[in-house]
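**Student:**
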Amino acid sequence: MNGIKIMNTKQRCLIGLVFFLISYLFFSKLLPSLSESIDFAHCFNLIGACFLLSFNDAFPKTKMNKVGSVLTTLGVVAHIGLCTIDFIMSSYGNNEIEKAELSQHISNSPLLFYPFIAVGPSLLFLGLALHAFTFIKTETLKSLMVIIGAVAVGVSFFALKNGVLMVLSCAVFVLGLGLLLYKNQTEKLLNK
């Protein structure tokens, strides 16, 4: 293509993992907001989630992975919706009354609340954990990192509301996926 190199699947996956982890650093407030007018947390989350869609092409095409691909795709769509809602929310600035009204409207609308807030975004974690589960016999530790990390992100965010635990959980999740993605390369390095 006239000297233009297109990113391969692993590179797209890696970009997604990095952006996704950075978004969680912003969400937890471990990285300070760089601007009041730009919602960096959701910008990084949106880009990361879209690149994480590449994991559907990175792993073997088993029946379980096909289900994982559908769940991952639905989760990415839900993340796009969630980020859009949060961009709208942040556009209100310091107007807490308008934010509360929008939040109440979304909570009262099952067509918005369940697919884009309560359930949908979790499908991304579930789909990627299902992809990882296919390696449970051969790459047990790496698979468990993804599975446990996925569950821990949800628990730390929804139940515990603990930003530091959420980032640590996301880091374990991301590291597990990265190690699974580059499992052949890491095995060669360890055997030298």
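FYI, the UniProt record's numbering numbers position 161 of the sequence shown as 161, with every residue one higher than the one before it.
For every residue, glycine included, the Cβ atom is placed at its ideal position computed from N, Cα and C.
Every value quoted in this text rests on a predicted model; they were computed, and no experiment measured them.
1) Alpha carbon to alpha carbon, what distance is there between residue 13 and residue 183?
2) So residue 27 and residue 41 are in contact, right, with Cβ under 8 Å, and what is the actual spacing, rounded?
3) According to the Cβ coordinates, are residue 130 and residue 71 closer than 9 Å?
4) By the 10 Å Cβ neighbour count, where 16 or more other Cβ atoms means buried, how is residue 79 classified, buried or exposed?
5) Does DSSP classify residue 166 as helix, strand or coil?
6) Going by CA-CA distance only, name the one from 154, 83, 58 and 173 that's closest to residue 21.
7) Suppose contacts are defined by Cβ-Cβ distances below 9 Å. Is residue 84 in contact with residue 56 by that definition?
8) Could you check how far apart the C-beta atoms of residue 146 and residue 177 are, in whole angstroms? I think they sit under 8 Å.
9) So is residue 156 buried or exposed if we call it buried at 16+ other beta carbons inside 10 Å?
10) Near residue 169, what residues of its chain come up, given a Cβ to Cβ distance below 6 Å and the 5 sequence neighbours on each side ignored?
11) When burial is assigned at 16 or more other CB atoms within 10 Å of the CB, is residue 121 buried or exposed?
12) So, is residue 189 buried or exposed, given that buried needs 16 or more other C-beta atoms within 10 angstroms?
13) What number of angstroms, rounded off, separates the C-alpha of residue 61 from the C-alpha of residue 69?
14) What's the C-alpha gap between residue 234 and residue 91?
15) Taking the alpha-carbon positions, what's the residue 33 to residue 164 distance?
16) Per DSSP, what kind of secondary structure is residue 62 in: helix, strand or coil?
17) Using a 10 Å radius around the Cβ and a threshold of 16 neighbouring Cβ atoms, would you call residue 187 buried or exposed?
**Tutor:** Taking the structure as given:
1) Going by the C-alpha atoms only, they are around 14 Å apart.
2) Yes, residue 27 and residue 41 are in contact; Cβ-Cβ is about 5 Å, under 8 Å.
3) Judged by beta-carbon spacing, residue 71 lies within the 9 Å limit of residue 130, meaning their Cβ atoms are closer than that value.
4) Label assigned to residue 79: buried.
5) DSSP places residue 166 in helix when its eight states are reduced to three.
6) Of the candidates 154, 83, 58 and 173, the one whose C-alpha sits nearest the C-alpha of residue 21 is 173.
7) 9 Å or more divides the Cβ of residue 84 from the Cβ of residue 56.
8) Between residue 146 and residue 177, the beta carbon gap of about 5 Å places them in contact (Cβ cut-off 8 Å).
9) Buried, since its Cβ has 16 or more Cβ neighbours within 10 Å.
10) So the qualifying residues of the chain are 149, 152, 153 and 156.
11) Classified as buried, residue 121 has 16 or more neighbouring CB atoms from the shown chains inside 10 Å of its CB.
12) Per-residue confidence for residue 189 stands at a pLDDT of 44, beneath the threshold of 50, marking its modelled position as unreliable; no derived number is given.
13) Each residue's Cα considered, the two are about 9 Å apart.
14) This structure cannot speak to residue 234, because the chain is shown only from 1 to 192.
15) So the two alpha carbons sit approximately 16 Å from each other.
16) In the three-state DSSP reduction, residue 62 falls in the coil class, being neither helix nor strand.
17) Low confidence applies to residue 187: its pLDDT is 49, below 50, so where it sits in the model is not reliable, and the reading given next is rough at best. Residue environment for residue 187: exposed (fewer than 16 other C-beta atoms within 10 angstroms of its C-beta).
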